């Protein structure tokens with residue numbers, strides 16, 4: 001499931017900000033994001049943020 005930044009999917013446990021996408025542990029990301037992104041990696045997976 002891919003959502004955009006207008007529809008945040010989860011709150012990041014590392015930084016506390018809303019993430020526009022989240023992949024659980026062992027998940028893989030393949031894409032071509034427009035603009036800059038920040039990725040927080042935790043035990044719960046990777047959380048993607050727009051910068």
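In the UniProt record's numbering, the protein residues as written are 1 to 51.
Backbone N, C-alpha and C define an ideal beta-carbon position, used for all residues, glycine too.
Here the structure is a predicted model, which is why all the values come from computation and not from measurement.
query	result
Close-in-space but distant-in-sequence residues of the same chain around residue 13 (CB under 7 angstroms, 5 per side omitted)	42 and 44
Distance between residue 32 and residue 10 (C-alpha atoms, nearest Å)	21 angstroms
Residue 29 burial status per 10 Å Cβ neighbour count (16 or more: buried)	exposed
For residue 1, three-class secondary structure by DSSP	With a pLDDT of only 41 at residue 1, under 50, the local geometry of the prediction cannot be trusted, and the value read off the model is given with reservation. DSSP places residue 1 in coil when its eight states are reduced to three.
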